[in-house]
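In this note's numbering, the protein residues as written are 18 to 287. Notes to accompany the following structure.
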Amino acid sequence: MKNYLFFAAFMIAATNVMAQDAASKARAGVYDRSTTPQYFFLEEKDVPSSVYLLPPPPEPGSAKFAVDEGRFNWGRFQRLRPRGKQAISDADVTPKGVAVSFSEAFGIELNEENTPEIYKLMSNMNGDAGVLSGGQAKVYYQRMRPFVYFGIGTSVPEDEAALVNNGSYPSGHTAIGWATALVLAEINVDRQNEILKRGYEMGESRVIAGYHYQSDVDNGRIVAAALVARLHADEGFQKQLEKAKKEFAKLKKEGKIAPSIFSFNPAEMN
């Protein structure tokens with residue numbers, strides 16, 4: 018009886034660990050196309066080669082690495098500010114998490130109920146952006162993440178185990194944020210400034226959280242842009258994008274999309 022209870026307790030604990038690991042990997046944008054096909058339009062062979070496209074990551078001791086280190090220290094300081102809380106929130110790049118991140122910028126709450134076609138478009142490209150766009154370079158370079166290299170923990174410690182052996186270069190979170198921003202800005206042109214700014218911030222959040230170097234983030238945006246260009250040549254993406262645009266047009270006509278409040282005054286930038 019004691020052996021049975023021990024075995025049962027062990028299995029429950031193991032199941033909980035596996036569930037937590039799966040949830041952590043989902044937040045981290047680590048997907049397997051064979052088990053989560055709903056997050057992909059493309060296959061690996063369809064995507065531009067990130068190894069061919071990108072330069073090698075900066076080597077320790079180089080001038081470029083000094084910039085990365087400086088930005089890492091900048092990010093640690095930001096954790097103490099309100100911006101640090103946003104970085105923690107931005108760590109969730111599941112389709113639901115990304116929808117929450119862009120809702121305010123887009124002008125309506127993005128979810129399966131309010132905006133099913135837009136949400137489906139965002140979800141279906143999530144793995145393309147987070148896994149395929151920079152996957153080759155991640156595996157090829159296996160760049161050590163800054164929280165490992167510097168021995169300083171992140172602001173989202175629950176994701177560290179899922180990402181400790183996952184290459185840092187380029188940033189998959191950044192690619193998800195920037196690719197999503199580019200597509201949403203195409204749908205809602207009136208709020209392109211708010212949407213693109215939000216997408217940009219999602220990349221900077223990875224520096225603040227301690228998961229990526231600035232060069233990871235900068236090059237994450239490059240592979241994201243290349244991916245979006247390739248997605249526009251995919252028939253499945255084209256069809257879903259058209260559905261999303263029609264849905265948006267209907268919502269806008271019904272007055273359900275908040276208007277842009279963006280204004281630019283050069284004097285305010287000084």
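C-beta: ideal position from N, C-alpha, C; glycine also. On a predicted model such as this, the values are computed, not experimentally measured, just so you know.
### Query
Rounded C-beta distance between ASN141 and VAL47? I'm assuming under 8 Å.
Start at 1 with the first residue of the sequence shown, and residue 141 comes out as number 124. Start at 1 with the first residue of the sequence shown, and residue 47 comes out as number 30. That pair is no contact at about 17 Å.
### Query
By a C-beta neighbour count over all protein chains shown, 10 Å radius and 16 as the cutoff for buried, is PRO73 buried or exposed?
Working through the sequence shown from its first residue, we reach residue 73 at position 56. In summary, PRO73 is exposed, with fewer than 16 beta-carbon neighbours lying within 10 Å of its beta-carbon over all protein chains present.
#### Entry: Best match in ASN282, ALA104, ALA250, TRP91 for proximity to GLY216 [C-alpha to C-alpha]
In the sequence shown, the residue the question calls residue 216 occupies position 199. When C-alpha distances from GLY216 are compared across ASN282, ALA104, ALA250, TRP91, the shortest belongs to ALA104.
### Residue range of the unbroken alpha helix (DSSP H) whose run includes GLU121
As a working mapping, residue 121 is identified with position 104 in the sequence shown. That run of the alpha helix (DSSP H) goes 112-123.
#### Entry: Nearest-angstrom Cα separation, counted from VAL245 out to VAL200
Translated into positions along the sequence shown, residue 200 becomes position 183. Translated into positions along the sequence shown, residue 245 becomes position 228. If you take the alpha carbons of VAL200 and VAL245, they lie about 8 Å apart.
### Query
Any idea if HIS249 is buried or exposed, counting beta-carbon neighbours within 10 angstroms, 16 or more meaning buried?
Taking the first residue of the sequence shown as 1, we reach residue 249 at position 232. Looking at its Cβ environment, which holds fewer than 16 other Cβ atoms inside 10 Å, HIS249 is exposed.
### Message
Short of 6 Å in beta carbon distance, which residues of its chain neighbour GLN209, apart from the five on each side in sequence? Order them along the chain.
### Response
Here residue 209 refers to the residue found at position 192 when the sequence shown is read from its first residue. Residues of the same chain with a CB within less than 6 Å of the CB of GLN209, apart from the 5 flanking positions on each side, are ALA202 in chain order.
### Query
So what's MET161 in DSSP terms, helix, strand or just coil?
Locating residue 161 in the sequence shown gives position 144, where the first residue counts as 1. It is coil, neither helix nor strand.
### Query
Using the C-alpha atoms, what's the distance from PHE281 back to LYS270?
As a working note, residue 270 is residue 253 in the sequence shown. As a working note, residue 281 is residue 264 in the sequence shown. CA-CA distance, LYS270 to PHE281, rounds to 26 Å.
### Query
What is the DSSP secondary structure of SER232, reduced to helix, strand or coil?
Sequence index remark: in the sequence shown, residue 232 carries index 215 (1-based). Reduced to three states, the DSSP call for SER232 is helix.
### Query
From LEU138 to ALA261, what does the alpha carbon distance come to, in whole angstroms?
For the purposes of this step, residue 138 is identified with residue 121 of the sequence shown, where counting begins at 1. For the purposes of this step, residue 261 is identified with residue 244 of the sequence shown, where counting begins at 1. Each residue's Cα considered, the two are about 7 Å apart.
#### Entry: When PRO112, TYR69, SER106 are compared against THR53, the one with the closest alpha-carbon
Counting from 1 along the sequence shown, the entry for residue 53 is found at position 36. The shortest Cα separation from THR53 among PRO112, TYR69, SER106 belongs to PRO112.
### Query
So, using beta-carbon positions, are ILE274 and ILE125 closer together than 9 Å?
Counting from one through the sequence shown, the residue named residue 274 turns up at place 257. Counting from one through the sequence shown, the residue named residue 125 turns up at place 108. For the 9 Å CB-CB criterion, ILE274 and ILE125 form a contact.
### Close beta carbons around LEU71, own chain, < 6 Å, minus the five adjacent residues each side
Within the sequence shown, residue 71 is the residue found at index 54, counting from 1. Hits under 6 Å: ALA154, ASN236.
### Task
Can you tell me which of the three DSSP states VAL173 falls into?
By 1-based counting over the sequence shown, the position of residue 173 is 156. Assignment of VAL173 by DSSP, reduced to helix, strand and coil, places it in the coil class.
### Message
Short of 8 Å in beta carbon distance, which residues of its chain neighbour ARG247, apart from the five on each side in sequence? Order them along the chain.
### Response
The residue labelled residue 247 in the question sits at position 230 within the sequence shown. If we look at ARG247 and ignore the five residues flanking it on each side, its Cβ neighbours are LEU59, ASP63, VAL64, PRO65.
### Query
Under three-state DSSP, which class holds GLY152?
Here the question's residue 152 lines up with position 135 in the sequence shown. Here GLY152 sits in helix by DSSP.
### Query
Just checking my contact of GLY151 with PRO187 at CB under 8 Å: how many whole Å lie between their CB atoms?
Residue mapping note: residue 151 aligns to position 134 of the sequence shown, counting from 1. Residue mapping note: residue 187 aligns to position 170 of the sequence shown, counting from 1. A Cβ-Cβ distance of about 4 Å is found for the pair GLY151 and PRO187, placing them in contact under the 8 Å criterion.
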